[in-house]
Amino acid sequence: MAAELHLLGRAVKQTQYRQHRALDSRLTGVGTTLAQWDALRAISRSPGASARALAAATFQSEQAFGTLAGRLVTQGMVERRPGHGRRIEHHLTPLGEKTLKAGHQVAEEVLAECFAPLSEAERTTLLNLLRRLGDETPDE
């Protein structure tokens, strides 16, 4: 059983790695990277969020997210504003919104290619199984 679990874990990681490489490669065509696009998505979902919250949402350390956010500010895609107390809020600029939208189109294409070998029913089953492992509630 342990060998099977090891193979399962490796297969999940290998699939994720292949998907991330494809996304990162193709997102350069719209002027961003996977890490940057993921940060833009997180900021879009939670405008005004702190670096701590956004780091958690993007699976990064606060320091790594701070460096990434600084790069996005320099590129004109994100602006930081003072919040309550010492909190710094993050917001997308119009360029950030445009880049995020272009990235969504790229991601749809890449993900369609990645999941093409699976039927719609298999995709639904896979999503439900992964959500169960991640302890998320499936969409109704």
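Residue 77 in our numbering sits at position 94 of the sequence shown, with consecutive numbering throughout. Each residue gets a CB set at the ideal place from its N, CA and C atoms; glycine is no exception.
In the structure shown, what three-state DSSP assignment does His73 receive? strand
Between the CA atoms of Phe98 and Arg106 - distance to the nearest angstrom: 7 Å
Using CA atoms only, rank isn't needed, just tell me which of Ser33, Leu51, Ile26 and Glu96 is closest to Arg69. Ser33
Span of the alpha helix (DSSP H) around Val56: Glu45 to Thr57
Under 8 Å between C-beta atoms of Met60 and Thr82: yes
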